[in-house]
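*Asks:* Read in order, the letters of the sequence shown are residues 1 to 147 in the UniProt record's numbering.
Note that CB positions come from ideal geometry on N, CA and C, so glycine has one too.
Bear in mind that the values here come from a model prediction, so they are computed numbers and not experimental data.
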Amino acid sequence: AIYPDRSAAHHELRRKFRAVAFDAIRKIAEEGKTILMTACLADNAADISTFEEHISMVRNTSVPIYWINLRCDGSVLEKRVTSKERREGNKSKLTDASILRQMIGEHGLLSPRQHDNTVRLIADTIDVSRTLEESVHQLLHILHRQY
């Protein structure tokens, strides 16, 4: 990593990267293509600013942006985070339940609301505590309800 910590320089580098990437993504979206991105943004000033960068991709276009927060029952989430498969995986992911509980206690997910007419924002929440199939069903319900 260029900036391995989460310093101001690290955040500025990420912001500059997003500016270039999001400009290209906006052009693709304007061609009518669907863009799927993931983000985990908290309800704090820095992440609200990042959310505004996401919104800028579709501002003043007919392209909708779907913001779907995933919620999971605490005990189910702890089981998933501490699972053998996750611990033995080749990605560096959180596997410590105490850190998970601390993060949940200190941070809340950003839940954006429609605040102007320049963006078509569809915000919702999916409960992913159960099976993958049930989560997919919830997502499809959100998508179909808009058309």
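Indicate the three-state DSSP secondary structure (helix, strand or coil) for Ile35 in the structure shown.
*Replies:* Of the three classes helix, strand and coil, the one that applies to Ile35 here is coil, per DSSP.
*Asks:* Pull up the CB-CB distance for Ile65 and Leu121, whole angstroms please, since I reckon it's below 8 Å.
*Replies:* Between Leu121 and Ile65 the Cβ distance is about 6 Å, and since that is below 8 Å, they are a contact.
*Asks:* Among all the DSSP beta bridges, which residues are the ones paired with Ala9?
*Replies:* For Ala9, which the question treats as bridged, DSSP gives no partner whatsoever.
*Asks:* Answer yes or no: do Gly105 and Ala42 have a C-beta to C-beta separation smaller than 8 Å?
*Replies:* No, the pair does not count as a contact, with Cβ atoms beyond the cut-off.
*Asks:* Extract the residue ranges of the alpha helix (DSSP H) inside the region 121-147, only unbroken runs of 4 or more that lie entirely within it.
*Replies:* DSSP runs (the alpha helix (DSSP H)) wholly in the region 121-147: 132-145.
*Asks:* Since Leu94 is in the beta strand (DSSP E), which residue starts that stretch and which ends it?
*Replies:* It is not in any beta strand (DSSP E) - Leu94 carries neither H nor E in the DSSP assignment.
*Asks:* If you compare alpha carbons, which of Ala46, Phe22, Ser75, Cys72 is closest to Ala8?
*Replies:* Ranking Ala46, Phe22, Ser75, Cys72 by Cα distance to Ala8 puts Ala46 first.
*Asks:* Using a Cβ-Cβ cut-off of 7 Å (strictly less than) and excluding sequence neighbours within five positions of Ile48, which residues of its own chain qualify?
*Replies:* The residues are Leu110.
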